[in-house]
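To start, the structure itself, in structure tokens.
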Amino acid sequence: MSDSLDHAREGIEHAHHAAPSDRFARRVAVLIAALAALLAIAEMGEKSAQNDYLTRHIALSDNWAFYQAKLLRSNLAAAEADILQSLPGADPARVAAARKTAQRLADDPATQGAKQLRAQAEQLTAARDATFHRYHALEVVVGAVQIAIVLASIAVVTRQRWLVLVAGLIGALGTLACAAVWSGAAASLL
Numbered sequence: 002m003s004d005s006l007d008h009a010r011e012g013i014e015h016a017h018h019a020a021p022s023d024r025f026a027r028r029v030a031v032l033i034a035a036l037a038a039l040l041a042i043a044e045m046g047e048k049s050a051q052n053d054y055l056t057r058h059i060a061l062s063d064n065w066a067f068y069q070a071k072l073l074r075s076n077l078a079a080a081e082a083d084i085l086q087s088l089p090g091a092d093p094a095r096v097a098a099a100r101k102t103a104q105r106l107a108d109d110p111a112t113q114g115a116k117q118l119r120a121q122a123e124q125l126t127a128a129r130d131a132t133f134h135r136y137h138a139l140e141v142v143v144g145a146v147q148i149a150i151v152l153a154s155i156a157v158v159t160r161q162r163w164l165v166l167v168a169g170l171i172g173a174l175g176t177l178a179c180a181a182v183w184s185g186a187a188a189s190l191l
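Numbering (the working numbering), first residue to last: 2 to 191.
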């Protein structure tokens, strides 16, 4: 019976000495879970920003193509007016109509002339670029959080507390950066 008691005491002592290590592992596991949740949120934002960027890029490309087509048609109408005017016995009404068409295609707020399309394209460019910066910033956040998860995982295996601190610091910075990007405050900082 004393062997059983000795064995039980050894087991209790072993469990008592192992408890801090298990507590360490549990705490690191909670950190890893929190980092994984942050990673999921950041990846959702990253994917959303990527889709938004691609959508805006396509709209911008379409707008510039429409602008170029309007400008080309305006230049052709102006060239037609010049050619008609240079002909002997030119019909002033046809020349005036061609010039009016050229002017309407170049600048017409009612039907989006080339001037209006260019201004719209410049606005779309700014919006697309802002979305790209948001996407890039979230890419950096995702990478940092992935590194933090790896460091925390290594800390569990090696029992190195400093790795947990580094992982926690990177995770905290990732959280702040993710919040800043989501709020739109610091997308250009990363």
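For glycine and all other residues, C-beta sits at the position ideal for the given N, C-alpha and C.
With distances taken from CA atoms, which of the options is nearest residue i?
| i | options | result |
| --- | --- | --- |
| Val143 | Ala35, Glu47 and Ala82 | Glu47 |
| Leu55 | Gln117, Val157 and Tyr136 | Tyr136 |
| Gln51 | Ala168, Val158 and Ala131 | Ala131 |
| Lys101 | Leu118, Arg119, Asn76 and Val158 | Asn76 |
| Ala168 | Glu140, Val146 and Arg160 | Val146 |
| Val141 | Phe25, Leu39 and Ala30 | Leu39 |
| Phe133 | Phe25, Val158 and Ser49 | Ser49 |
| Ala30 | Ala156, Ile84 and Leu174 | Ala156 |
| Arg199 | Arg162, Leu174 and Arg129 | Nothing in the structure corresponds to residue 199, since the chain is present only between 2 and 191. |
Work out the CA separation of residue j and residue i for me, nearest whole Å.
| i | j | result |
| --- | --- | --- |
| Ala91 | Arg74 | 22 Å |
| Val182 | Leu36 | 17 Å |
| Leu177 | Glu44 | 15 Å |
| Arg105 | Ala70 | 14 Å |
| Leu166 | Asp23 | 17 Å |
| Trp65 | Leu170 | 45 Å |
| Tyr68 | Ala180 | 38 Å |
| Ile59 | Ala122 | 11 Å |
| Arg95 | Thr112 | 22 Å |
| Arg27 | Ala138 | 31 Å |
| Arg160 | Ile42 | 28 Å |
| Gln124 | Ala97 | 33 Å |
| Gln86 | Ser184 | 59 Å |
| Ala120 | Asp53 | 21 Å |
| Arg162 | Gly175 | 20 Å |
| Leu88 | Asp63 | 38 Å |
Quick one: what's got a C-beta closer than 7 Å to residue i's C-beta in the same chain, skipping five residues either side?
| i | result |
| --- | --- |
| Ile33 | Ile150, Ala153 and Ser154 |
| Thr126 | Leu61 |
| Gly114 | Lys71, Arg105, Leu106, Ala107 and Asp108 |
| Pro110 | Gln117 |
| Ala82 | Val96, Ala99, Arg100 and Ala103 |
Spatial neighbours of residue i within its chain, please: C-beta separation below 6 Å, excluding the five flanking residues on both sides.
| i | result |
| --- | --- |
| Ala9 | With a pLDDT of only 43 at Ala9, under the threshold of 50, the placement of this residue in the model should not be trusted, and no figure is reported. |
| Gly172 | Leu36 and Ala149 |
| Phe25 | none |
Ordered along the chain, which non-local residues of its own chain (more than five positions away) have a Cβ less than 8 Å from that of residue i?
| i | result |
| --- | --- |
| Leu6 | Its pLDDT being 47, under 50, Leu6 is placed unreliably in this model, and the coordinates cannot settle the point. |
| Ala78 | Ala99, Arg100, Thr102, Ala103 and Leu106 |
| Ala80 | none |
| Leu164 | Leu152, Ala153, Ile155 and Ala156 |
Checking contacts by CB at 7 Å: is residue i closer than that to chain C?
| i | result |
| --- | --- |
| Asp92 | Absent from the structure: chain C. Only one protein chain is present. |
Practice problem: Enumerate, from N- to C-terminal direction, the unbroken alpha helix (DSSP H) stretches of 4 or more residues contained entirely within the region 74-127. | Solution: 93-107
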